[in-house]
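Heads up: the sequence lines are chains L and H, in that order. The opening position of the first sequence corresponds to residue 0 in numbering that gives the first Met the number 0, with each subsequent residue numbered one higher. The opening position of the second sequence corresponds to residue 0 in numbering that gives the first Met the number 0, with each subsequent residue numbered one higher. Cβ atoms here follow ideal geometry from the backbone N, Cα and C, with glycine treated the same way. The structure appears right after this line, and notes come after that.
2 protein chains.
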Amino acid sequence: MDAVLKVLADNHGSYLRDLAEFVAIPSVSTDPVHASDVRRAAAWVAQRLRKAGPIEVETWETPHYPAVFGRWNGRRHMGTAGAPTVLIYGHMDVQPPDPIELWHSPPFILTARNGRLYGRGVSDDKASMLLPILAAEAFFLAGEQPPVNLRFIFETEEEIGSVSLPPLVRERRDALACDLVLSADGGMWRPEIPSITLSSRGLAGLSFSVRGPGKDLHSGRHGGGLANPLHAAAELVASLHDGGKVAVAGFYDDVEAIHPVLRKSLEQLSFDEKKYLADVGASAGFGEPGYGMLERQWYRPTIEVNGFYGGYQGPGGKTVLPSEAHVKLTCRLVPNQRPDDVISRLRHHLENYCPPGINLAIKETHDGAMAYRVSPDSPAVRAAADTLAQIFGIPPDFVGMGGTVPITTTFREVLGADTIFFSFSTADEDIHAPNEFYRPERFRLGLEAWVLIWRNLAKQLHGR
Amino acid sequence: MDAVLKVLADNHGSYLRDLAEFVAIPSVSTDPVHASDVRRAAAWVAQRLRKAGPIEVETWETPHYPAVFGRWNGRRHMGTAGAPTVLIYGHMDVQPPDPIELWHSPPFILTARNGRLYGRGVSDDKASMLLPILAAEAFFLAGEQPPVNLRFIFETEEEIGSVSLPPLVRERRDALACDLVLSADGGMWRPEIPSITLSSRGLAGLSFSVRGPGKDLHSGRHGGGLANPLHAAAELVASLHDGGKVAVAGFYDDVEAIHPVLRKSLEQLSFDEKKYLADVGASAGFGEPGYGMLERQWYRPTIEVNGFYGGYQGPGGKTVLPSEAHVKLTCRLVPNQRPDDVISRLRHHLENYCPPGINLAIKETHDGAMAYRVSPDSPAVRAAADTLAQIFGIPPDFVGMGGTVPITTTFREVLGADTIFFSFSTADEDIHAPNEFYRPERFRLGLEAWVLIWRNLAKQLHGR
Chain L
0 MDAVLKVLAD
10 NHGSYLRDLA
20 EFVAIPSVST
30 DPVHASDVRR
40 AAAWVAQRLR
50 KAGPIEVETW
60 ETPHYPAVFG
70 RWNGRRHMGT
80 AGAPTVLIYG
90 HMDVQPPDPI
100 ELWHSPPFIL
110 TARNGRLYGR
120 GVSDDKASML
130 LPILAAEAFF
140 LAGEQPPVNL
150 RFIFETEEEI
160 GSVSLPPLVR
170 ERRDALACDL
180 VLSADGGMWR
190 PEIPSITLSS
200 RGLAGLSFSV
210 RGPGKDLHSG
220 RHGGGLANPL
230 HAAAELVASL
240 HDGGKVAVAG
250 FYDDVEAIHP
260 VLRKSLEQLS
270 FDEKKYLADV
280 GASAGFGEPG
290 YGMLERQWYR
300 PTIEVNGFYG
310 GYQGPGGKTV
320 LPSEAHVKLT
330 CRLVPNQRPD
340 DVISRLRHHL
350 ENYCPPGINL
360 AIKETHDGAM
370 AYRVSPDSPA
380 VRAAADTLAQ
390 IFGIPPDFVG
400 MGGTVPITTT
410 FREVLGADTI
420 FFSFSTADED
430 IHAPNEFYRP
440 ERFRLGLEAW
450 VLIWRNLAKQ
460 LHGR
Chain H
0 MDAVLKVLAD
10 NHGSYLRDLA
20 EFVAIPSVST
30 DPVHASDVRR
40 AAAWVAQRLR
50 KAGPIEVETW
60 ETPHYPAVFG
70 RWNGRRHMGT
80 AGAPTVLIYG
90 HMDVQPPDPI
100 ELWHSPPFIL
110 TARNGRLYGR
120 GVSDDKASML
130 LPILAAEAFF
140 LAGEQPPVNL
150 RFIFETEEEI
160 GSVSLPPLVR
170 ERRDALACDL
180 VLSADGGMWR
190 PEIPSITLSS
200 RGLAGLSFSV
210 RGPGKDLHSG
220 RHGGGLANPL
230 HAAAELVASL
240 HDGGKVAVAG
250 FYDDVEAIHP
260 VLRKSLEQLS
270 FDEKKYLADV
280 GASAGFGEPG
290 YGMLERQWYR
300 PTIEVNGFYG
310 GYQGPGGKTV
320 LPSEAHVKLT
330 CRLVPNQRPD
340 DVISRLRHHL
350 ENYCPPGINL
360 AIKETHDGAM
370 AYRVSPDSPA
380 VRAAADTLAQ
390 IFGIPPDFVG
400 MGGTVPITTT
410 FREVLGADTI
420 FFSFSTADED
430 IHAPNEFYRP
440 ERFRLGLEAW
450 VLIWRNLAKQ
460 LHGR
């Protein structure tokens, strides 16, 4: 048996203990109350990376939260007929566990149940980002050198739009210089068939508040005389769509027609929409008319309201005409749409539709991210496809991703490197929702896959 | 000096201590967590009424919360050339204090500040319902008999639509038999001019929930493919109005034209809309086109959303496509509109407008109440007007009330008695909102007014 794979098999129990330790740190980057936990996660990752072998590890401070960097330069560089340099990306921050009462086990205690591993962040992205660290360690423990030069960058702000990472990548472009990025974030499409994701959607977000009267008022005494902020917010939200299509002027202007390769992959995929709807518990699909479910989720832009609140929410009723209402929303973008342009169109739309007697305050909430795509013909995609075919015994599907990995655009712009999504999370693992989970077999196969892809990349990229 | 008024003057300090004790009981009827506090308030009122004099006091249990009844029958009955019997109504339950962080002093500690008395429920309706108890006591302490026979009924469910009171009034119609009801609930229009309210609006309410997917989903992964319950709820809420006018089919069908007397009063009132808007902190008025501010608030029906919530409300953002959204709303009705008819039209409307992929669940939340009005020519209204003219030195305005006192309709139907609103709260006292307050001078004048109105009623009604 291959010595590296034997190390992996022999140590699997300790890898699960590592994962449990990692999940136990509630590194919720969206909520300032968890600031020290986010920093604790960074310290844990730095320490674990150091333990993995002769890797130089640095913690890079930013104006907000730190990132953890690692470098192993044991191979001669590709330019001198040596090995390629691969940058591995992942994130250690997680979403809030709300609504916490819907969890069947405590969100920050890794819990094995029903053949799954439950915990907030286990799928997005803690288990998947731990794999390359452990794979590198396995090479060193087996007395082998990894077949490629390694760089690691693990950030703490992915769930808040990777605020600090783009400037950090620019500042540290020399340390991060590489031939290819492998992202441990960005899950596979399905549990049963391996897949490689060739595109992700971009992101733009804003929140707005509408204010009517200066204080909460009795809705009997005052009702009928004044604009109700809940009515105004509802009208504004309703005005954003018309029968599933976004109704913001110019929203679709910059959207390019779908790439022929993607169109073809889309047509060849077998997709059971009924099963999907049953899985998510929806009675029907809904969205932009004229497009199929997958095309809408992967290749069409959206506006989704993520939160809407105002007035009385307690038990029973309260006859109040509230002073304020609040809406949080995000847009998913496709290639060629600029986040700042989309935000400015939205801003214009909301200001236009705001009714009399209502004051509107708009706040941009996410650093925008452009959409991303990579060509299926690139040697790196071929190396990844070969690896997954070896591990799973069937060739991977090429798919799109509805979510966002904002950093891909930065890596291309600053480092000139493509990013290949190489995550062993799966899209059905309830990330950002209660009872997030990971599949234990993926934790095992993923470790082997990281060993193999470095070997395959060394061959594919060396021969370029 | 009149002996009864002297007693009032001598004991004013102790009346304020009574009020502080009463306010300290958080009798929030809308929230089951306060069930024992509501019962504690009933016990407190029963004990205070007993202490006031030779009044027979009973606590009447209902399937929900109890009511407190009192009877003093010292005068011969009007039918035998004696005095009229007057039923005094008030309620001891209060609204929730939310949003609690906006209070400048603890809501359940009566706090004197800026020449006002602050506390949840002090204006609605604890101070005003305490006045007739204290006024009756003053007669007994002065060695005089009250000039009318007295009945008291204090309920604990006004803020939840007086659920148990109508059946209770029917069951106890003999004990409650009276010539007139004086309601200690239903505040005056303005602080500077006395007023008598000749109408109140009715109430109908419902809550609805919309459900899309069976669980919260990642809005990147799934967005664009499924109906978002927040969008659906916003569309439903937006569909209820069209430019300030209610857009529910048939909503205005049963609305009668305004009564000529009310039309005339409305035209004669001086109303400073700019000042009103400044007082409530609104930049403009808004509502049904073609009607003035006061007409919209007193004599036109409304739909107001009181609460709207779903998705993420915490700090920062969360890219979630939520499973559910919830809306609470109430309608204010005018004479001739039936609550059950309005609810059924609303139900029909919501079901009609609910978009595909969304499940709608509707729940009626308030026992409906018809609107109420009383004639300005009645002897009781004349007695009340004379009293206020004596106390304030100027004749009262005749006004309408935007809010609801559901029990007026029941009193008329079951007891055959008109209700005169005789409260010393004022409409600007932030009832149902943070920092509810009462005016100390009204607490003093109100006590004298109750003494005088019984005397005036004895004359006016006796002579009928």
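**Asked** Looking only at its own chain, which residues have a Cβ that is under 8 Å from the Cβ of Ile257 of chain H, when we skip the five neighbours before and after it?
**Response** Excluding residues up to 5 positions away in sequence, Leu265, Glu294 and Tyr298 lie with their Cβ nearer than 8 Å to the Cβ of Ile257 of chain H in the same chain.
**Neighbourhood of Gly69 of chain H by C-beta distance below 6 Å, restricted to the same chain and skipping five residues each side** = Contacts found: Leu48, Ile54, Val56 and Phe151.
**Residue-level contact to chain H via CB, Gly313 of chain L, 8 Å cutoff** = Yes, its Cβ sits closer than 8 Å to a Cβ of chain H.
**Request:** Could you pull out every unbroken beta strand (DSSP E) segment of at least 3 residues lying fully inside the stretch 171-204 of chain H, listed in chain order?
**Result:** The stretch 171-204 of chain H is shown to contain whole beta strand (DSSP E) runs of 3 or more residues at 179-182 and 194-199, in chain order.
**Request:** Spatial neighbours of Ser194 of chain L within its chain, please: CB distance less than 6 Å, with the 5 preceding and 5 following residues excluded, ordered by chain position.
**Result:** Apart from the 5 residues on each side of it in sequence, Ser194 of chain L sits with its Cβ closer than 6 Å to the Cβ of Met187, Trp188, Pro395, Asp396 and Val398 in its chain, given in chain order.
**Prompt:** Just checking my contact of Asp17 of chain L with Leu129 of chain L at CB under 8 Å: how many whole Å lie between their CB atoms?
**Reply:** In this structure Asp17 of chain L is in contact with Leu129 of chain L, their Cβ atoms being roughly 6 Å apart against a cut-off of 8 Å.
**Request:** Take Glu255 of chain H and list the residues in its own chain whose beta-carbon comes closer than 7 Å to its own, dropping the five residues that flank it on each side.
**Result:** Pro334 and Asn335.
**Message:** Contact defined as beta carbons within less than 8 Å: I believe Leu328 of chain L pairs with Leu149 of chain L. What is the distance between those atoms, to the nearest angstrom?
**Reply:** Not really, about 39 Å apart at Cβ, beyond 8 Å.
**Message:** So, at 6 Å on beta carbons, what are the nonlocal neighbours of Leu7 of chain L in its own chain, with the 5 sequence-adjacent residues on each side left out?
**Reply:** Excluding sequence neighbours, Leu7 of chain L sits near Ala137 and Leu446.
**Message:** Among H:Ser377, H:Glu287 and H:Gly52, whose alpha-carbon lies nearest the alpha-carbon of Glu143 of chain H?
**Reply:** It is H:Gly52.
**Message:** Alpha carbons only, please: which of H:Ser424, H:Gly291 and H:Ala379 is nearest the one belonging to Phe270 of chain H?
**Reply:** Per the Cα distances, H:Gly291.
**Prompt:** Tyr88 of chain L and Ala183 of chain L: beta carbons closer than 8 Å?
**Reply:** For Tyr88 of chain L and Ala183 of chain L, yes; Cβs fall inside 8 Å.
**Request:** Let me know the secondary structure DSSP gives Met400 of chain L once reduced to three states.
**Result:** Secondary structure of Met400 of chain L (DSSP, three-state): strand.
**Prompt:** Hey, is Gly213 of chain L's beta-carbon within less than 8 Å of any beta-carbon in chain H?
**Reply:** It does: the Cβ of Gly213 of chain L has a partner Cβ on chain H nearer than 8 Å.
**Assigned secondary structure, Phe138 of chain H (DSSP; H/G/I helix, E/B strand, else coil)** = Of the three classes helix, strand and coil, the one that applies to Phe138 of chain H here is helix, per DSSP.
**Message:** With a threshold of 7 Å on Cβ separation, who are the neighbours of Gly401 of chain L within its own chain once the five nearest residues in sequence on each side are excluded?
**Reply:** Here the set comprises Arg200, Gln296, Trp297 and Arg331.
**Request:** Report all residues from its chain with a CB closer than 6 Å to the CB of Pro212 of chain L; omit the five preceding and five following residues, and keep chain order.
**Result:** Short of 6 Å from the beta carbon of Pro212 of chain L, and not among the five residues preceding or following it, lie these beta carbons of its own chain, in chain order: Leu225 and Ser322.
**Item:** Anticipated Cβ contact below 8 Å, His348 of chain H with Gly316 of chain L, distance rounded
**Value:** Between His348 of chain H and Gly316 of chain L a beta carbon distance of about 19 Å is seen, past the 8 Å cut, so the two are scored as non-contacting.
**Prompt:** Whose Cβ in chain L lies nearer than 7 Å to the Cβ of Leu426 of chain H?
**Reply:** What sits at residue 426 of chain H in the sequence shown is Ala, not Leu. Chain L residues near Ala426 of chain H: Arg220.
**Request:** Could you check how far apart the C-beta atoms of Val85 of chain H and Leu167 of chain H are, in whole angstroms? I think they sit under 8 Å.
**Result:** Wrong, their Cβ atoms sit about 19 Å apart, outside the cutoff.
**Request:** Any chance you could list the beta strand (DSSP E) runs of at least 3 consecutive residues sitting entirely within the stretch 78-145 of chain L, in chain order?
**Result:** Segments of the beta strand (DSSP E) lying fully in the stretch 78-145 of chain L: 84-90, 110-112 and 115-117.
**Request:** Verify whether the separation of the beta carbon atoms of Glu156 of chain H and Tyr64 of chain H is less than 8 Å.
**Result:** Yes; because the gap between Cβ atoms is below 8 Å, this pair is in contact.
**Prompt:** CB-CB under 6 Å to Gly118 of chain H, same chain, minus the five flanking residues each way: which ones, in chain order?
**Reply:** If we look at Gly118 of chain H and ignore the five residues flanking it on each side, its Cβ neighbours are Val22 and Leu109.
**Message:** Taking the alpha-carbon of Phe420 of chain L as reference, which of L:Val44, L:Asn10, L:Ala383 and L:Arg74 has the nearest alpha-carbon?
**Reply:** Ranking L:Val44, L:Asn10, L:Ala383 and L:Arg74 by Cα distance to Phe420 of chain L puts L:Ala383 first.
**Asked** Taking the continuous beta strand (DSSP E) assigned at Phe21 of chain H, which residues delimit it?
**Response** Per DSSP, Phe21 of chain H belongs to no beta strand (DSSP E); it is in the alpha helix (DSSP H), His11 to Val22.
**Prompt:** For Asp241 of chain H, which of L:Gly243, L:Ala233 and L:Val247 has the nearest alpha-carbon?
**Reply:** For the residues L:Gly243, L:Ala233 and L:Val247, the minimum Cα distance to Asp241 of chain H belongs to L:Ala233.
**Message:** Against Thr403 of chain L, what residues of chain H qualify as contacts under a CB-to-CB distance less than 7 Å, listed in chain order?
**Reply:** Gly219, listed in chain order.
**Item:** Option nearest Pro354 of chain H by Cα separation, candidates L:Trp71, L:Ala237 and L:Ala416
**Value:** The closest CA to that of Pro354 of chain H, considering only L:Trp71, L:Ala237 and L:Ala416, is found on L:Ala237.
**Prompt:** Any beta-carbon of chain L closer than 8 Å to the one on Arg331 of chain H?
**Reply:** Yes, contact with chain L.
**Any 3 or more C-beta pairs closer than 8 Å across the stretch 160-177 of chain H and the stretch 93-101 of chain H** = Segment contact: the stretch 160-177 of chain H against the stretch 93-101 of chain H, fewer than three CB-CB distances shorter than 8 Å; contact not assigned.
**Asked** Given a threshold of 16 other Cβ atoms within 10 Å of its Cβ, counted over all protein chains shown, does Gln267 of chain L qualify as buried or as exposed?
**Response** Gln267 of chain L should be labelled exposed.
**Asked** Under 7 Å Cβ-Cβ, which residues of chain H neighbour Pro95 of chain L?
**Response** Here the neighbours are Gly313 and Lys317.
**Asked** Does Pro31 of chain L come within less than 8 Å of chain H when only Cβ atoms are used?
**Response** So, interface residue.
**Asked** Between the beta-carbon of Met91 of chain L and the beta-carbon of Pro83 of chain L, is there less than 8 Å?
**Response** Not closer than 8 Å, so no.
**Asked** Alpha carbon to alpha carbon, how far is Lys263 of chain L from Lys50 of chain L?
**Response** Approximately 45 Å, taken between the alpha carbons.
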